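Take 12 as the starting number for the sequence shown in my numbering and just add one per residue.
Comments concern the structure below.
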Amino acid sequence: SLFDRQYLAYLTHAYHTDPSRIYHFYWSPLLLYSNYWNLNFFIRIQTTISSILRLGFLSEEQNLIQISTYSMSLWLLEEVGFWDADIIPEDWHIFLQAFVKFGTVVKTKPIYLITAGDGIIGDGMLDILKNRYDQEKRWAWGVTDIPFAMSEFAKTSHISWWDKIFRILSLVETHILWPSSFFILTIGALIPTLVNPYFKTTTLGFLLPRVAGGILTLTTSFVIVIAYLDYQARRHFLKKREHKRVAQLMMQWILFPVLSPIISAVLSSIPALESHTRMLLNKPIHYKVTKKT
């Protein structure tokens, strides 16, 4: 991770002026732009999607949980018994460890700066795609946080049931929609008809696929918004030769509405689905160091 040159100053000020600082995590979004033009074309599109998504998390301050790179007090880390050695995606898990012990005073505070990271590379396209697939599969193993939270919340009395339910629903929303969102968006409107053919003869059954298709078509207009946010976030990492890549960038954004759903399915939803299925069947998953440099 490469921090913004103002990161430590921002963090120091935020920590010093925060009355509940010992209970808080501090996080700036990790955007994978450090080696952007060294990435495979498909990985660049996927990197853009994930980076803008992380940027959007800053708006969810009440529900924010840090990802990848973060800061916390040494006191809090010692109080929760340090990181769990058996957990692969430790960022959300360490938050839950603290939340279970200290309750709603534990929060992740946003730092409105960008932390840069490297995207996936490899030896040839197939190796690159495999590396990215394995990385997503490893991240999706974080679904184990749901049973962990449910089990630990059942033992705690200092957290209200409303706060427990809210936190669990947030975990479920993130981890269950991760592998299923692509299928819900693409074939979700067809499922009622497949289950009950009579539904197709009703007014709602006739209109549902058309309304769903119209909504999905409308969302393509937000590609302009994503392109703008991507440029604003990435311009800190622009190189002098970047102007020579305007044609590449234009082609990338023209193809973005067509390729992004496919790339999201292959490099996000499907590996997450495999990861969850392996967990359900008690199959192992191995930590593989991702090649980035």
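Don't be surprised by glycine CBs; every beta carbon is placed ideally from N, CA and C.
This structure is a prediction, so every number in the text was calculated from the model and none was measured.
Own chain partners of residue i with C-beta closer than 6 Å, once the 5 adjacent residues on each side are dropped
i	result
residue 237	63
residue 299	145
residue 164	175
residue 59	241
residue 208	none
residue 158	none
Counterpart residues of residue i in DSSP-defined beta bridges
i	result
residue 42	127
residue 35	118
residue 13	127
residue 290	DSSP output for residue 290 lists no bridge partner at all.
residue 82	37
Beta-carbon proximity list for residue i, same chain, < 7 Å, skipping 5 on both sides
i	result
residue 84	32, 33
residue 136	51
residue 200	219, 220, 223
residue 231	268
residue 45	13, 127, 128, 129, 248
residue 310	An answer regarding residue 310 cannot be provided, because it is not within the stretch 12 to 304 covered by the chain.
residue 72	121
residue 68	40, 75
Under 8 Å between C-beta atoms of residue i and residue j
i	j	result
residue 307	residue 156	Any answer about residue 307 is impossible in this case: the structure gives the chain only from 12 up to 304.
residue 143	residue 54	yes
residue 99	residue 39	no
residue 12	residue 128	yes
residue 79	residue 22	no
residue 312	residue 290	Any answer about residue 312 is impossible in this case: the structure gives the chain only from 12 up to 304.
residue 36	residue 112	no
residue 210	residue 234	no
residue 166	residue 285	no
residue 272	residue 193	yes
residue 191	residue 74	no
residue 43	residue 66	no
residue 160	residue 187	no
residue 91	residue 105	yes
residue 287	residue 151	yes
residue 227	residue 196	yes
residue 95	residue 101	yes
Same chain, Cβ closer than 8 Å to residue i, five either side skipped, listed in chain order
i	result
residue 141	133
residue 18	39, 122, 124, 126
residue 264	234, 238
residue 256	48
residue 29	35, 120
residue 169	114
Residue i classed as buried or exposed, judged by whether at least 16 other C-beta atoms fall within 10 angstroms
i	result
residue 317	This structure gives no information on residue 317, because the portion of the chain shown stretches from 12 to 304.
residue 97	exposed
residue 76	buried
residue 130	buried
residue 215	exposed
residue 70	exposed
residue 246	exposed
residue 24	exposed
residue 259	exposed
residue 189	buried
residue 109	buried
residue 103	buried
residue 278	buried
residue 202	exposed
Proximity test, residue i beta-carbon vs the ligand GDP heavy atom, cut-off 7 Å
i	result
residue 119	The model on display carries no ligand, and the ligand GDP is accordingly not part of it.
**Asked** Hey, which unbroken runs of the alpha helix (DSSP H) at 4 residues or more fall wholly within the stretch 107 to 185?
**Response** Segments of the alpha helix (DSSP H) lying fully in the stretch 107 to 185: 136 to 151, 156 to 164.
**Prompt:** In chain order, which beta strand (DSSP E) runs of at least 3 residues are fully inside the stretch 199 to 230?
**Reply:** Listed in chain order, the beta strand (DSSP E) runs fully inside the stretch 199 to 230 amount to none, counting runs of at least 3 residues.
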